[in-house]
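A.B. asks: Protein chains in written order, with UniProt numbering: chain A, 1 to 214; chain B, 1 to 214.
Protein chains: 2
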Amino acid sequence: MTNRLIEIFEDEKLVARIQKRLPHLFQLAEFESSRAGKIGMEIGSVRERIIVALLIYKFGEANVESEIPITESEVDVKLFGEPISVKTITGNSFGGVKLIWTVDAEKARQFSEEYQPRCDMLFVQINWGKEGGLYYIPIKVQRRLFDKIGKKEYIKLPKAGTNPRGVEITKEALTSLVEDTETKVIKINWQRSEIKFNPYKRWVDLWKEDRNEL
Amino acid sequence: MTNRLIEIFEDEKLVARIQKRLPHLFQLAEFESSRAGKIGMEIGSVRERIIVALLIYKFGEANVESEIPITESEVDVKLFGEPISVKTITGNSFGGVKLIWTVDAEKARQFSEEYQPRCDMLFVQINWGKEGGLYYIPIKVQRRLFDKIGKKEYIKLPKAGTNPRGVEITKEALTSLVEDTETKVIKINWQRSEIKFNPYKRWVDLWKEDRNEL
DNA sequence: GAAACGCGATC
DNA sequence: CGATCGCGTTT
């Protein structure tokens, strides 16, 4: 199977559409995943849905397998049968991206012993008011770097005595992946649009509504 | 400040509305928090929004402070200035409810040394096809039990060498809280209604849409 | 009942 | 930077 993800990056009209529209869609996602203006980590799942919808838009429902259990490790979606992991992060730094959401010291160490890149990755760097991008990091790029620098430089274990959320890829490794010549990117200028949103209104209306069937 | 939460449980029309409508609203929440029919833990935040909307519906926006950062520990909302924690769980057992989402062994132990109940609790037991309920567990009930049985029987630490998500209240403690004579309950018969939902449709439509401003 | 697992922002 | 924290379901 040749890799089809690359077609997104070569489709000029689609690239333009992504550049125009992704910031707006991700902003909607923020409203729906926030409380008191602070974004929850579950934003990641909503953004993933937006990226999967992009795959469906480009390749058609028949070629996008989205029926993957929500707690499946690593794989989020399959395109023409090939697994893809979707990861998103906000800011200038490439630090903090989790490979697995495990904190227990022994389990984390065990993971790091067994880990090997297994999945193409779609990585979105959000950077409001600045530049970021949508990156396609092929599995072969990940493997090449992993084999070159080794797990000690590639994987960052949760620090004991603190309150982390999982095992990370090091900032240095992710930076190398993103800069690799075989990594594809669509640069995105993250401008906000104006949106008003009240997360409770919908539910208050449903509580108020007079309907006999409910 | 006398406690106003109790008014929900004494308002017969509201009780009837909750019994009729909560299952439907929580079912909507499930669709929006699922992938491949499996529910993600973030369902808790959506259900919380539904419960907060209920407070707004009953007491008015002016008396419900919902502007609390999403990563605030323990407190989810304030009613007439009093903090409330909202917790939800599915099933027959009262096990697995987290007091804090910390797994690191040292931090978890430290939490258990310092913990004391500080918040009224609204607890929803979902039990599809069976009976469950919406419980109001006053802080004084929590404190009385905590002082009686002690932290060792009240708090369950994450088990080392496994992959847990945090520090729990023991099943035995939560069962006692729920059965306390000062705990209020609205019994709920969790019947499902029929709903169709495609989590990607909305986003695919937004990708397709032809709009110049986007 | 025990053990598995998802999702990064913020101060 | 280095530290903090939210949300339970499923097999």
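Cβ coordinates follow ideal geometry from the N, Cα and C atoms, glycine included.
Values in this document were obtained by computation on a predicted structure and should not be read as measured data.
With distances taken from CA atoms, which of A:ASN63, A:PRO69, A:LYS20 and A:VAL46 is nearest ILE39 (chain B)?
C.D. replies: Comparing Cα positions, the closest option is A:PRO69.
A.B. asks: Is it the case that the CB of GLY40 (chain A) approaches a heavy atom of the ligand MG more closely than 7 Å?
C.D. replies: Among the components of this structure there are no ligands whatsoever, and the ligand MG is therefore not found.
A.B. asks: Can you tell me whether DSSP reads ARG165 (chain B) as helix, strand or coil?
C.D. replies: coil
A.B. asks: Any beta carbon from chain B within less than 8 Å of LYS208 (chain A)'s own beta carbon?
C.D. replies: Closer than 8 Å: yes.
A.B. asks: Pull up the CB-CB distance for TYR136 (chain A) and ILE6 (chain A), whole angstroms please, since I reckon it's below 8 Å.
C.D. replies: Between the beta-carbon of TYR136 (chain A) and that of ILE6 (chain A) there is about 7 Å, and that keeps the pair under the 8 Å contact cut.
A.B. asks: By DSSP, does ARG17 (chain A) sit in helix, in strand, or in coil?
C.D. replies: helix
A.B. asks: For ILE68 (chain A), go through chain B and note every residue whose CB falls closer than 8 Å to its CB, in chain order.
C.D. replies: ARG35 and ALA36
A.B. asks: Would you tell me roughly how many angstroms separate the C-alpha atoms of ASN92 (chain B) and VAL178 (chain B), rounded to the nearest one?
C.D. replies: 13 Å
A.B. asks: Which residues, in order along the segment 98–111 of chain A, keep a beta-carbon less than 8 Å from a beta-carbon of chain B?
C.D. replies: Of all residues in the segment 98–111 of chain A, THR102, VAL103, ASP104, ALA105, GLU106 and LYS107 have a Cβ within less than 8 Å of some Cβ in chain B.
A.B. asks: Mind checking who GLU114 (chain A) pairs with in its DSSP beta bridge?
C.D. replies: None, per the DSSP bridge assignment.
A.B. asks: Looking at chain A, is there any beta carbon in it that lies within less than 8 Å of the beta carbon of GLU42 (chain B)?
C.D. replies: Yes, GLU42 (chain B) counts as interfacial toward chain A.
A.B. asks: What does the Cβ neighbour count give for MET41 (chain B), buried or exposed, with the cut at 16 atoms within 10 Å?
C.D. replies: exposed
A.B. asks: Just the Cα atoms here: how many angstroms apart are LYS140 (chain A) and PRO164 (chain B)?
C.D. replies: 32 Å
A.B. asks: What's the gap between the Cα of LYS201 (chain B) and the Cα of ALA53 (chain A)?
C.D. replies: 8 Å
A.B. asks: Give me, in chain order, the residues of the same chain whose beta-carbon lies closer than 8 Å to that of ARG143 (chain B); leave out the 5 immediate sequence neighbours on both sides.
C.D. replies: GLN116 and PRO117
A.B. asks: To which residues does DSSP link TYR135 (chain B) through a beta bridge?
C.D. replies: B:PHE123 and B:VAL185
A.B. asks: Residues of chain B with CB under 9 Å from LEU54 (chain A), in chain order?
C.D. replies: Counting only Cβ-Cβ distances below 9 Å, LEU54 (chain A) has contacts in chain B at TRP203, VAL204 and TRP207, in chain order.
A.B. asks: Can you list, in chain order, the residues of its chain with a C-beta nearer than 7 Å to that of LEU55 (chain B)? Leave out the 5 residues immediately preceding and following it.
C.D. replies: Excluding its 5 nearest sequence neighbours in each direction, LEU55 (chain B) has C-beta neighbours in its own chain below 7 Å: VAL64, VAL77 and LEU79, listed in chain order.
A.B. asks: Are any of the Cβ atoms in chain A nearer than 8 Å to that of GLY161 (chain B)?
C.D. replies: Yes, GLY161 (chain B) lies at the interface with chain A (some Cβ there is under 8 Å from its Cβ).
A.B. asks: Any chance the segment 103–115 of chain B sits against the segment 21–36 of chain B, with 3 or more Cβ pairs inside 8 Å?
C.D. replies: no
A.B. asks: Do TRP207 (chain A) and TYR154 (chain B) count as a contact pair if the criterion is CB distance below 8 Å?
C.D. replies: No. Outside cutoff.
A.B. asks: Within its chain, find whatever has a CB closer than 7 Å to the CB of ASP180 (chain A); leave out the 5 residues flanking it on each side and keep chain order.
C.D. replies: VAL141
A.B. asks: With 8 Å set as the bound, which would you pick, yes or no: does the beta-carbon of PRO138 (chain A) sit closer than that to a beta-carbon of chain B?
C.D. replies: no
A.B. asks: Measuring alpha carbon to alpha carbon, tell me which of A:GLN191, A:GLU194, A:ILE8 and A:TRP101 ends up nearest GLY60 (chain A).
C.D. replies: A:ILE8
A.B. asks: When you compare only the Cα positions, how much space is there between GLU114 (chain B) and ASN3 (chain B)?
C.D. replies: 26 Å
A.B. asks: Quick one: give me the first and last residue of the beta strand (DSSP E) that VAL46 (chain A) is part of.
C.D. replies: Careful: VAL46 (chain A) lies outside any beta strand (DSSP E), inside the alpha helix (DSSP H) at 43–59.
A.B. asks: Starting from the Cα of LYS87 (chain B), find the closest Cα among B:ILE149, B:TRP128, B:LYS13 and B:GLU168 and give me that residue.
C.D. replies: It is B:GLU168.
A.B. asks: List, in order along the chain, the chain B residues whose C-beta lies closer than 7 Å to that of SER45 (chain A)?
C.D. replies: Per Cβ cutoff of 7 Å: GLY40 and GLU42.
A.B. asks: Tell me, which residues are paired with LYS38 (chain B) by DSSP?
C.D. replies: B:ARG35
A.B. asks: Can a CB atom of chain B be found closer than 8 Å to the CB of ILE50 (chain A)?
C.D. replies: yes
A.B. asks: Tell me, please, which residues DSSP counts as bridged to GLU82 (chain B).
C.D. replies: B:LEU79
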